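Numbering (this note's numbering), first residue to last: 230 to 562. Positions of the beta carbon are idealized from the N, C-alpha and C atoms, including for glycine. None of the values given here were measured: they were computed from a predicted structure.
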């Protein structure tokens, strides 16, 4: 947005005033990539928005999306940090990235960038985006490949000796909090992973299989997963990765009893919908059929939010004001 552009420009103006005696405390969280846009000239904000949209719809991971963003930006990929490093910098970071890689969170404005223009070119080719990208973007990347544009600041750059990047919270904390609560409610609880990645619909099928195993046990069990899946958009529906995961799982939960799956984004916003995510149980699929709805068709059209608004199960929290990734919980009662 224009407000984001003005904010990024103001940060660069502040950086010009930094001296050796300055201590800058930088607060960073997921979402900063979108809130701090400053395209490298002569790129426009619309150029970056278009490429980002293509990447997100292709199923690219956040690491891949942000690698591209960093090479199209005047502040991301360590550039802002390098400008601030005349003084000392302390970045306090809320991580929404699997693995808590500081160079990826918010596209790493104060962290060295290990990715290259070659990586960016390969990513755009891998997802068949190169030919669809704006001409100005392709020209910049080509110039970078040929050495005509300086690479982003790399690990080993002396500027980063004056910068401390500290992750103060992330999906680890969300998983631990969920586990603590569920244990207090009498569940035998385990954290399966904090590194969940992959196509949301495929992860949903996998987790439904785990629920099937849990359903054979006696007692109350909870399995917690943290991370961030992706969706390859092939339809025109309304949804998000957590609702798509839940919808996919529901199709495979036929015949199970006393169990459910919950998948939510900790920021309260799932994809392009207003929902945070969804909850499903073995009745979700049957309820849809009784209403004359075909869950498989909704899944094919990436229309999970519409499905859950009709059948029930969408979770609406509103924006939470923070973001440490996605949380998926399997419960057997």
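Got a sec? Which residues, its chain only, sit under 6 Å from residue i by beta carbon, not counting five neighbours each side?
i           : result
residue 422 : 454
residue 256 : 321
residue 424 : 327 and 456
residue 289 : 356
residue 547 : 497
residue 388 : 311 and 314
Closest to residue i by CA distance: which of the options is it?
i           : options               : result
residue 294 : 335, 313 and 308      : 335
residue 406 : 244, 237, 249 and 556 : 556
residue 545 : 515, 511, 469 and 527 : 469
residue 254 : 278, 309 and 230      : 309
residue 353 : 259, 305, 279 and 390 : 279
residue 542 : 549, 351, 550 and 489 : 489
residue 240 : 346, 313, 504 and 414 : 313
residue 304 : 413, 364 and 269      : 269
residue 504 : 515, 525, 275 and 538 : 538
Do the CB positions of residue i and residue j come within less than 9 Å of each other?
i           : j           : result
residue 536 : residue 476 : yes
residue 498 : residue 558 : no
residue 509 : residue 522 : no
residue 478 : residue 506 : no
residue 325 : residue 401 : no
residue 296 : residue 331 : no
residue 458 : residue 473 : yes
residue 318 : residue 265 : no
residue 482 : residue 461 : no
residue 342 : residue 383 : yes
residue 306 : residue 271 : no
residue 358 : residue 300 : no
Identify, in the order they occur along the chain, each residue of the same chain with its Cβ nearer than 8 Å to the Cβ of residue i, setting aside the five sequence neighbours on each side.
i           : result
residue 361 : 283
residue 466 : 527, 530, 531, 532, 533, 534 and 535
residue 428 : 288, 458, 459, 460 and 461
Spatial neighbours of residue i within its chain, please: CB distance less than 7 Å, with the 5 preceding and 5 following residues excluded, ordered by chain position.
i           : result
residue 232 : none
Spell out the partners DSSP gives residue i in its beta bridges.
i           : result
residue 507 : 492 and 543
residue 255 : 320
residue 396 : 322
residue 418 : 451
residue 561 : 450 and 488
residue 556 : 455 and 493
residue 268 : 302
For the segment 446 to 461 against the segment 412 to 430, are there 3 or more C-beta pairs whose distance is under 8 Å? yes
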